[in-house]
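Same order as they appear, the protein sequences are chains A and B.
The first sequence begins at 2 in the working numbering and counts up one residue at a time.
The second sequence begins at 181 in the working numbering and counts up one residue at a time.
Note that beta-carbon positions come from the ideal geometry of N, C-alpha and C, so glycine has one too.
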Amino acid sequence: EAAVTQSPRNKVTVTGGNVTLSCRQTNSHNYMYWYRQDTGHGLRLIHYSYGAGNLQIGDVPDGYKATRTTQEDFFLLLELASPSQTSLYFCASSEGNYAEQFFGPGTRLTVL
Amino acid sequence: AQKVTQTQTSISVMEKTTVTMDCVYETQDSSYFLFWYKQTASGEIVFLIRQDSYKKENATVGHYSLNFQKPKSSIGLIITATQIEDSAVYFCAMREGGTEGADRLTFGKGTQLIIQP
């Protein structure tokens, strides 16, 4: 079974702060995804990647950058955090294009 | 554009009974993939079961099964012999079978299932 880990699990920052969320998967999956989950909106895709060095824009990319440094590691960057980015962030990975996704435990981010 | 709708926001049933959660979807593709996920109270999201549109037989995994009605664009999740630990939020999701650039899941907003002892 895929193992997806995220760090930190909780993060508090101030408006304008710089935040990096980390995700690592150890099942050799090519595809990785970043989502945010908000009450009333469900899960929304921010960015995703097909492999190391590849980046694709999701449905709600504004204010976020992402970088896929290796097959295992996918980072989400908030360079000027805003209160609207307060959310629960999930990373996921999948083996292939049509395969089910496996989710990490989530990172709760609060922007004051 | 693809769309996934779960109209039931919350369902409460007695333990050991059977429950069905509804999901309808919209897609222009003739090929697509449907998934159900469970989110526990701790926030963990777990994959449960999938149905590929070209398969006529309903998928079954453990005490989860699907009621796939393609003409109605409907994919219901059936849980039999429910247990307290089935209490969670259940999400339906769809992946269209299109080009590489369209390979994302679209999620419904979820149905909260409460199992009463």
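Under 9 Å from the C-beta of residue i: neighbouring residues of chain A
i	result
G290 (chain B)	G43, L44
Close-in-space but distant-in-sequence residues of the same chain around residue i (CB under 7 Å, 5 per side omitted)
i	result
T187 (chain B)	D202
S29 (chain A)	Q72
M194 (chain B)	Q296
E206 (chain B)	Q182, K183, S253
T87 (chain A)	L110, T111, V112
A4 (chain A)	Q26, T27, N28
D148 (chain B)	In the structure displayed, chain B extends from 181 to 297; residue 148 (chain B) sits before or after that span and is not available.
T197 (chain B)	T262
Contacts that residue i makes with chain A (C-beta to C-beta distance below 7 Å)
i	result
I225 (chain B)	F91, F104
L246 (chain B)	Under the 7 Å cutoff, chain A gives no residues; its nearest Cβ is about 14 Å from L246 (chain B).
Helix, strand or coil at residue i according to DSSP, with G and I counted as helix
i	result
K218 (chain B)	strand
K12 (chain A)	strand
Q86 (chain A)	helix
D266 (chain B)	helix
K236 (chain B)	coil
K66 (chain A)	strand
K196 (chain B)	coil
K183 (chain B)	strand
Neighbour-count burial assignment, residue i, 16 or more Cβ in a 10 Å radius
i	result
V269 (chain B)	buried
D10 (chain A)	A small fix is needed here, since residue 10 (chain A) is Arg in this sequence, not Asp. With fewer than 16 Cβ atoms within 10 Å of its Cβ, R10 (chain A) is classed as exposed.
I225 (chain B)	buried
A261 (chain B)	exposed
L81 (chain A)	exposed
T16 (chain A)	exposed
G105 (chain A)	buried
T70 (chain A)	exposed
D266 (chain B)	buried
Q102 (chain A)	buried
F215 (chain B)	buried
K236 (chain B)	exposed
Y234 (chain B)	exposed
I255 (chain B)	buried
A221 (chain B)	exposed
G52 (chain A)	exposed
Same chain, Cβ closer than 6 Å to residue i, five either side skipped, listed in chain order
i	result
A100 (chain A)	none
V241 (chain B)	I229
Y78 (chain A)	At residue 78 (chain A) the sequence reads Leu, which differs from the Tyr that was named. For L78 (chain A), where only same-chain residues beyond five positions count, the Cβ hits under 6 Å are T21, K66.
Q292 (chain B)	S190, V269
V204 (chain B)	T185, S253, S254
Residue i: contacting residues in chain B (beta-carbon distance under 7 Å)
i	result
Y65 (chain A)	Under the 7 Å cutoff, chain B gives no residues; its nearest Cβ is about 15 Å from Y65 (chain A).
G107 (chain A)	G223
Contact set for residue i: own chain, Cβ-Cβ below 8 Å, skip 5 residues either direction
i	result
D74 (chain A)	S23, C24, R25
D39 (chain A)	R45, S88, L89
P84 (chain A)	T16, V112, L113
Cross-chain neighbours of residue i in chain B, by beta carbon under 8 Å
i	result
G59 (chain A)	R284
E101 (chain A)	F215, F227, R230
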